[in-house]
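In our numbering, the protein residues as written are 49 to 534.
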């Protein structure tokens, strides 16, 4: 549990740092990378983000599909006995594939809904899911009469690895599971009303709620082990076992159905907003002439079938390896972003040049070679450990695994330092320059004053109040999002 708390704290801190540029300058991940990588070089992190969006969207969809399988079994008990017609080398059953297809089909219509319309449904589903978790917690503790031996007995560690290395590996997995969402935080922070509200919301969600959810999951898993004599790490598997232990009674099936429904709705809406829409934003940034956010979201959802998530998530060890691998590729990108924005540019960027192909962020043929050097240094030494973990290599060096267990911290700080040193050694022209005037009407009068930028028109000249101006700005942002999505 201590590793989880540390991991959630690290996630919250780094997520806030990465999102700070969007909060201050109101630019998303797609645009933010241009002043670090160059106008053409920014496609490198975009491609990585798109690929990881495909993988994470597929994983979430498969988990939601398993929950639908539980719901279908609760409604039609004979669904559990559907003959498996899939080959033996496929780690899935026919019933699971049917549930996955139903979940995928039910999710598709929601891709037409603009993201800003999800606020109220998200609030209702979050409350529902919270009640579901509370019910499972109460049920498991009451039936097991405690949390079970897993909370009171130690685990025998491998002779090869000490406790500290095991903890680092676990910490890397925790951070890796959230790395994709951390990287594109500016896609959402750019619509934040204030820094204070965004920071409080981030820590309340990522740290407090994230830690609480993990704690409840550990308690329920430990109690279920005492009840059934087996560890069920995936909620759909535990729900199916709960239904079986109830001898298929109508009460047991009804209870499991509503529990699975809460988790399925949460997985569905989180997958649409956090993965499909995020993938749509990145794809629209890569091909703005042909793809908008909605089309990109559809492409991300279609890619689920190419990824084949049943090959990833049904094996716990493989799933953890996949999740951990996210840190290998995304941590160096985050290190570049922080070094460039906070130290080198001191939070000052030329906003107008981010949309000018041959402006100050053109660098060398549209690519900042300094970023590529630092990026390679950040992930190249850790890729060997990832390969050795996925496919064990004979006589693999211990150092490969040690670097892999440190992949997030090594990737972030090595790319951070290398990019800073290389940029200072080979300086970039116009570093820290900003626009004299708010060219696009992006900022409120207070923001213009804080940034040292002249507002295009003062409130006194336009005859509007600060409150009406702020409301108008928020309305305009909503219109922009809606137009981009359509």
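By construction, the Cβ of each residue, glycine as well, lies at the ideal position given by its N, Cα and C atoms.
- prompt: In its own chain, which residues sit with a C-beta less than 7 Å from the C-beta of residue 60, not counting the 5 before and 5 after it?
  reply: Correct list, in chain order: 250, 251, 254 and 255.
field: DSSP state of residue 502 mapped onto helix, strand, coil
entry: Strand, per DSSP.
message: One question on the structure: do residue 503 and residue 305 come within less than 9 Å of each other, judged by their Cβ atoms?
response: With a cutoff of 9 Å on beta-carbon distance, residue 503 and residue 305 are scored as not near each other.
task: Would you decide whether residue 110 is buried or exposed? Buried here means 16 or more other CB atoms lie within 10 Å of its CB.
output: Around the C-beta of residue 110, 16 or more other C-beta atoms lie within 10 Å, and the residue is accordingly described as buried.
- request: Give the C-beta separation of residue 379 and residue 467 to the nearest angstrom, bearing in mind that I take them to be a contact with Cβ-Cβ under 8 Å.
  value: That pair is no contact at about 13 Å.
task: Below 6 Å CB to CB, which residues in the same chain sit around residue 67 once its five sequence neighbours on both sides are set aside?
output: Contacts found: 233, 234 and 237.
message: With three or more C-beta pairs closer than 8 Å as the rule, is the segment 171 to 190 touching the segment 333 to 347?
response: With the cut-off at 8 Å, the segment 333 to 347 and the segment 171 to 190 do not touch.
field: Reduced DSSP category for residue 191 - H, G, I as helix; E, B as strand; rest coil
entry: Residue 191 falls in the helix class under three-state DSSP.
message: Only counting the same chain, and skipping five residues up and downstream in sequence, which positions put a Cβ closer than 7 Å to that of residue 58?
response: So the list reads 223, once near-sequence residues are dropped.
message: Let's see if you can read the secondary structure: which residues bound the alpha helix (DSSP H) around residue 228?
response: Residues 211 to 231.
query: So, using beta-carbon positions, are residue 149 and residue 316 closer together than 9 Å?
result: Contact: no.
query: Are residue 74 and residue 239 touching if we call contact CB-CB under 9 Å?
result: Less than 9 Å separates the beta-carbon of residue 74 from that of residue 239.
- prompt: Under a Cβ-count criterion, where at least 16 other Cβ atoms within 10 Å of its own Cβ denotes burial, should residue 473 be classed as buried or exposed?
  reply: Residue 473 comes out exposed.
message: What residue range does the alpha helix (DSSP H) around residue 326 cover?
response: 325 to 334 is the span of the alpha helix (DSSP H), which, as asked, contains residue 326.
query: Around the C-beta of residue 126, are 16 or more other C-beta atoms found within 10 angstroms, so that it is buried, or is it exposed?
result: It counts as exposed.
- request: Assign residue 481 to buried or exposed, taking buried as 16 or more other Cβ atoms, counted over all protein chains shown, within 10 Å of its Cβ.
  value: Burial call: exposed.
Which of helix, strand or coil DSSP assigns to residue 281: Of the three classes helix, strand and coil, the one that applies to residue 281 here is coil, per DSSP.
- request: Could you say which of 139, 98 and 383 lies nearest to residue 346 if we only look at CA atoms?
  value: Nearest of 139, 98 and 383 to residue 346, Cα basis: 98.
For residue 485 and residue 422, believed in contact at Cβ under 8 Å, the rounded distance: The pair is not a contact, with the Cβ atoms about 33 Å apart (cut-off 8 Å).
task: Starting from residue 485, follow its DSSP beta bridges and name the residues at the other end.
output: Per the DSSP secondary-structure output, residue 485 pairs in a beta bridge with 502.
field: Classification of residue 492 by the beta-carbon crowding that lies within 10 angstroms, buried from 16 upward
entry: Under this definition residue 492 is a buried residue.
- request: In angstroms with no decimal places, state the Cα-to-Cα distance between residue 401 and residue 195.
  value: Per the coordinates, the alpha-carbon of residue 401 lies some 58 Å from the alpha-carbon of residue 195.
message: What would DSSP say about residue 527, mapped onto helix, strand or coil?
response: Annotation note: pLDDT 40 at residue 527 (below 50); position unreliable, coordinate value reported separately. Judged by DSSP in its simplified three-state form, residue 527 adopts helix.
message: By alpha-carbon positions, which one of 357, 303, 292 and 498 ends up nearest to residue 129?
response: Closest by alpha carbon: 292.
field: Terminal residues of the alpha helix (DSSP H) in which residue 412 lies
entry: No alpha helix (DSSP H) holds residue 412; DSSP gives it neither H nor E.
message: To test your reading of the DSSP string, which unbroken alpha helix (DSSP H) runs of 4 or more residues are found completely within the segment 422 to 464?
response: Segments of the alpha helix (DSSP H) lying fully in the segment 422 to 464: 446 to 453.
field: residue 404 in three-state terms, based on DSSP
entry: Residue 404 falls in the coil class under three-state DSSP.
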